[in-house]
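So the sequence lines, in the order shown, correspond to chains S and G.
Counting from 17, one number per residue, gives the positions in the first sequence under this note's numbering.
Counting from 17, one number per residue, gives the positions in the second sequence under this note's numbering.
Each remark here refers to the structure printed beneath this line.
There are 2 protein chains.
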Amino acid sequence: MQSRLRTLMLCGVVVWAGCAAPNPEGVVGEEPAAKERPAADSAEEVRQDWAIVVHGGAGTPPRDMSDERRQGYEQALLGAVAAGEEHLAAGGTAVDAVELMVVLLEDDERFNAGKGAVFTHDAVHELDAAVMDGSDRSCGAVAGVKTVRNPIRLARLVMDRSPHVFLIGEGAEQFATEMEVERVENSWFDTEGRRKSLERALASEKEEKHGTVGAVALDTHGNLAAATSTGGLTNKRFGRVGDVPVIGAGTYADNACCGISGTGKGEQFIRHTVARSIAARVQFEGLSIDEAARRVFAEHLDDGDGGVIMIDRAGRIGMHYNTGGMYRAWADASGTRGVAIWEQE
Amino acid sequence: MQSRLRTLMLCGVVVWAGCAAPNPEGVVGEEPAAKERPAADSAEEVRQDWAIVVHGGAGTPPRDMSDERRQGYEQALLGAVAAGEEHLAAGGTAVDAVELMVVLLEDDERFNAGKGAVFTHDAVHELDAAVMDGSDRSCGAVAGVKTVRNPIRLARLVMDRSPHVFLIGEGAEQFATEMEVERVENSWFDTEGRRKSLERALASEKEEKHGTVGAVALDTHGNLAAATSTGGLTNKRFGRVGDVPVIGAGTYADNACCGISGTGKGEQFIRHTVARSIAARVQFEGLSIDEAARRVFAEHLDDGDGGVIMIDRAGRIGMHYNTGGMYRAWADASGTRGVAIWEQE
Numbered sequence: 017m018q019s020r021l022r023t024l025m026l027c028g029v030v031v032w033a034g035c036a037a038p039n040p041e042g043v044v045g046e047e048p049a050a051k052e053r054p055a056a057d058s059a060e061e062v063r064q065d066w067a068i069v070v071h072g073g074a075g076t077p078p079r080d081m082s083d084e085r086r087q088g089y090e091q092a093l094l095g096a097v098a099a100g101e102e103h104l105a106a107g108g109t110a111v112d113a114v115e116l117m118v119v120l121l122e123d124d125e126r127f128n129a130g131k132g133a134v135f136t137h138d139a140v141h142e143l144d145a146a147v148m149d150g151s152d153r154s155c156g157a158v159a160g161v162k163t164v165r166n167p168i169r170l171a172r173l174v175m176d177r178s179p180h181v182f183l184i185g186e187g188a189e190q191f192a193t194e195m196e197v198e199r200v201e202n203s204w205f206d207t208e209g210r211r212k213s214l215e216r217a218l219a220s221e222k223e224e225k226h227g228t229v230g231a232v233a234l235d236t237h238g239n240l241a242a243a244t245s246t247g248g249l250t251n252k253r254f255g256r257v258g259d260v261p262v263i264g265a266g267t268y269a270d271n272a273c274c275g276i277s278g279t280g281k282g283e284q285f286i287r288h289t290v291a292r293s294i295a296a297r298v299q300f301e302g303l304s305i306d307e308a309a310r311r312v313f314a315e316h317l318d319d320g321d322g323g324v325i326m327i328d329r330a331g332r333i334g335m336h337y338n339t340g341g342m343y344r345a346w347a348d349a350s351g352t353r354g355v356a357i358w359e360q361e
Numbered sequence: 017m018q019s020r021l022r023t024l025m026l027c028g029v030v031v032w033a034g035c036a037a038p039n040p041e042g043v044v045g046e047e048p049a050a051k052e053r054p055a056a057d058s059a060e061e062v063r064q065d066w067a068i069v070v071h072g073g074a075g076t077p078p079r080d081m082s083d084e085r086r087q088g089y090e091q092a093l094l095g096a097v098a099a100g101e102e103h104l105a106a107g108g109t110a111v112d113a114v115e116l117m118v119v120l121l122e123d124d125e126r127f128n129a130g131k132g133a134v135f136t137h138d139a140v141h142e143l144d145a146a147v148m149d150g151s152d153r154s155c156g157a158v159a160g161v162k163t164v165r166n167p168i169r170l171a172r173l174v175m176d177r178s179p180h181v182f183l184i185g186e187g188a189e190q191f192a193t194e195m196e197v198e199r200v201e202n203s204w205f206d207t208e209g210r211r212k213s214l215e216r217a218l219a220s221e222k223e224e225k226h227g228t229v230g231a232v233a234l235d236t237h238g239n240l241a242a243a244t245s246t247g248g249l250t251n252k253r254f255g256r257v258g259d260v261p262v263i264g265a266g267t268y269a270d271n272a273c274c275g276i277s278g279t280g281k282g283e284q285f286i287r288h289t290v291a292r293s294i295a296a297r298v299q300f301e302g303l304s305i306d307e308a309a310r311r312v313f314a315e316h317l318d319d320g321d322g323g324v325i326m327i328d329r330a331g332r333i334g335m336h337y338n339t340g341g342m343y344r345a346w347a348d349a350s351g352t353r354g355v356a357i358w359e360q361e
């Protein structure tokens, strides 16, 4: 179990403060937000009016990445955060914010979700996504989707407009047709980089992992939400589903404790119900999100398995991973904001 | 929330004691089982060498059911338990026992799993199943399978023979071909009763719920396992997946706390991660399985949502539901055994 212990907990790397932060006070609606929010664990804690964290996957980002490439990632992550911030600061809901942010990351071909999704073994794309609203634990998930430009939008529609919470394959496509969501040819998701990854993976007969995207938000009404979207594993076998659409594995939100979006080896996240296990330790053991994640990773996951982003009900942001790095950015109403890829920038 | 409170907890209805129970002592292998089993919460507790519980669905079994029909259900459930008992008493593993018992229930057309599975809206059958081994939380799940005679066998093969834990649709079928599991025409699953249910459901434009099957076992080595299999909802939309293959929703097993198999409204079980939530309250709050289930049902589920069967690490059996009844049977090494459909027999 020695190998499981290289877990890193990072919250403080603040790189970006250039964007004029909206003043969250004054735009939170008629009722002060705090009245509607559950009490934080400690009366001493500062409660954030809103908070956001996004990820673009955990893995081994090359240390020799060019400045240009790195800045591209950072701008993409910060762009998503800025959009979420604008929405939340204006009193918008957490569930809308996480959907909006994930749509932006899906549309960015740097990330393995939506445009830029990896190729399966059969050189097509099969996309999974899930969203969860912590205010009532309503949720929606899709798996094995092939022609929906933004799978997270379809997951949201499953949540809002269907009696079900989980639709797969052709059934999910049929629902997409009914809902009139934007469709694309499967080849629209193709990118050169992902094709090279497939060629490499086919040559080595291995699957290759690339960054899922996800977002967690706390809104001014005190509600948490989480959303995750992925193309899965390069060279994955036909029909394989990972943790993303499995509520409690890669995605979970409950106002009683926290919102979580995970990224990493889906099989491990399912086996150990990683998101729900972290949330349960916050909820029933009274641990902080950081300590809960640290324990779940140390006790159950292997080095390199992945990472999570988290926000608790007081708006504290947590990011935890046991890989070489995790693409991530965050902001809250106090003016804290940042972006990071590795532990040290 | 008043309507959520009609939860019934039943353990003591013992109807069957006619079968010659094997003597579990003496066949538990070289090491006394207790040495390998985690300590129970209380030193006063009797630890069972092995324990079994199965279900054939929760719902509203008609009170005016004929004796013949009722006896048919009872014999089917008791037959599964007897097979599991023989296996466990001979030192077999919990994960083999739950697979074996679920295969028997799948093959029995009374239940909505395998032969006798309900029809989808499009008048075909789409089957889901999952199995989980509490010794290491390894698991396997399949969803949307159409030609695999025993979906639980395929779920087990996903667990044992694939690098993945969750395969869906055509990908799961392709894996079934590789594994050479028994295949049938989709129409093999047809039964007259289920066709009538579909006609009724189509006429009312509603989906209809029928009993999933499941099994939980503790073996003489101290390991827990759970398995669940279902045809889902009559008239369900194409591609809908319920809680059964979602690890932590309808199926969960962890030697640290308990094994659980659920049956009922899959969407509710997914939203509230019912199995994992019960297990978490046992694990982190120190509640008994009965109390944990009572709280999760009272706090999160609506009247009529479903039921769970459970075994904790000391071999205590729990059964909890908030429907009119739940088909179930149980046995343990102390000689306790029984079968029940309603709260009073």
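Virtual Cβ for every residue (Gly too), placed ideally from N, Cα, C.
8 Å Cβ cutoff met for residue i and residue j
i, j, result
"S/Asn251", "S/His137", "yes"
"G/Gly275", "G/Ala242", "yes"
"G/Ile68", "G/Leu116", "no"
"G/Ser277", "G/Thr246", "no"
"G/Thr109", "G/His288", "no"
"S/Val257", "G/Ile184", "yes"
"S/Ala345", "S/Gly351", "no"
"G/Thr163", "G/Val119", "no"
"G/Arg210", "G/Phe135", "yes"
"G/Gly132", "G/Thr207", "yes"
"G/Leu121", "G/Val298", "no"
"G/Val324", "G/Ile286", "no"
"S/Val158", "S/Val174", "yes"
"S/Gln64", "S/Asp319", "no"
"S/Ala231", "S/Val70", "yes"
"G/Tyr89", "G/Gly107", "no"
Rounded straight-line distance, which links the Cα of residue j to that of residue i
i, j, result
"S/Gly75", "S/Glu224", "10 Å"
"G/His180", "S/Ala219", "20 Å"
"S/Ala92", "S/Ala314", "31 Å"
"S/Ala309", "S/Leu317", "11 Å"
"G/Gly95", "S/Asp259", "36 Å"
"G/Asn239", "S/Leu170", "40 Å"
"G/Thr267", "S/Arg86", "42 Å"
"S/Ala129", "S/Gly227", "8 Å"
"G/Ala291", "G/Arg329", "15 Å"
"S/Gly264", "S/Asp176", "19 Å"
"G/Ile357", "G/Asn338", "13 Å"
"G/Ile168", "G/Phe254", "21 Å"
"S/Asn202", "S/Gly160", "12 Å"
"G/Gly100", "S/Lys212", "50 Å"
"G/Thr279", "G/Ile327", "15 Å"
"G/Lys222", "S/Ala269", "30 Å"
"G/Arg126", "G/Asn166", "15 Å"
Limits of the beta strand (DSSP E) - the one that residue i falls within
i, result
"S/Gly278", "Cys274 to Gly280"
"S/Met81", "From DSSP, S/Met81 is part of no beta strand (DSSP E); its letter is neither H nor E."
"S/Gly341", "Gly341 to Asp348"
"G/Leu143", "Leu143 to Asp149"
"S/Ala314", "Note, S/Ala314: premise wrong, no beta strand (DSSP E); alpha helix (DSSP H) at Ile305 to His316."
"G/Arg353", "Arg353 to Ala356"
"S/Val324", "Gly322 to Asp328"
"G/His336", "Ile333 to Tyr337"
The alpha helix (DSSP H) enclosing residue i, as first and last residue numbers
i, result
"S/Ser213", "Glu208 to Ser220"
"G/Gln64", "Unbroken run through G/Gln64: none, as it is neither H nor E."
"S/Val290", "Val290 to Glu301"
"S/Val118", "Ala110 to Glu122"
Do the stretch 186-199 of chain G and the stretch 136-148 of chain G touch if we need at least three Cβ pairs shorter than 8 Å? No, they do not touch.
Secondary structure, beta strand (DSSP E): runs of 3+ residues fully inside the stretch 226-282 of chain G: Look at the stretch 226-282 of chain G and you find these whole runs of beta strand (DSSP E), each 3 residues long or longer: 229-234, 240-246, 267-270 and 274-280.
Using a Cβ distance threshold of 8 Å, determine whether the stretch 107-116 of chain S contacts the stretch 76-87 of chain S, with at least three qualifying pairs required. no
Just to confirm the assignment: which complete beta strand (DSSP E) runs, minimum length 3, are found wholly within the stretch 147-185 of chain S? 154-161 and 182-184
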